[in-house]
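Visitor:
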Amino acid sequence: MVWNLIEKRITNVSGSKFYYLKNEAVLLEMALVNWAITKVSKKGSTPLITLGIVRSSVVEKCGFHPRAQSTQKRGYE
Numbered sequence: 020m021v022w023n024l025i026e027k028r029i030t031n032v033s034g035s036k037f038y039y040l041k042n043e044a045v046l047l048e049m050a051l052v053n054w055a056i057t058k059v060s061k062k063g064s065t066p067l068i069t070l071g072i073v074r075s076s077v078v079e080k081c082g083f084h085p086r087a088q089s090t091q092k093r094g095y096e
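The sequence shown begins at 20 in our numbering and counts up one residue at a time.
1. Tell me the rounded alpha-carbon separation between Tyr39 and Lys61.
2. Excluding the 5 residues preceding and the 5 following Ile56 in the sequence, name in chain order all residues of the same chain whose CB lies nearer than 6 Å to its CB.
3. For Thr69, which residues of its own chain have a beta-carbon under 7 Å away from its beta-carbon, when the five flanking residues on both sides are left out?
4. Going straight from the alpha carbon of Glu79 to that of Lys36, what length do you get?
5. Taking only the alpha-carbon atoms, compute the straight-line gap between Gly82 and Lys58 and give it to the nearest angstrom.
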């Protein structure tokens, strides 16, 4: 019952084309990420977490093509 209410709220925020993890699935994802980071760190890589915002030029160079500017709020330039 409670999950149904939460699910409706989440869908309102991000849309229905996204997935959400809960309970053991969250723990599994975190364990897999930790395993992968540990593995590549042992080979000399440096763990890094980026910000949730990036310059438009960087996003476009990564292959993401956002909707027309007229349909979006102005982001970080």
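Note that the Cβ used here is the ideal one computed from N, Cα and C, for glycine as well.
Because the structure is a prediction, the values reported are computed rather than measured.
Guide: Let's see:
1. 30 Å
2. Pro66
3. none
4. 22 Å
5. 28 Å
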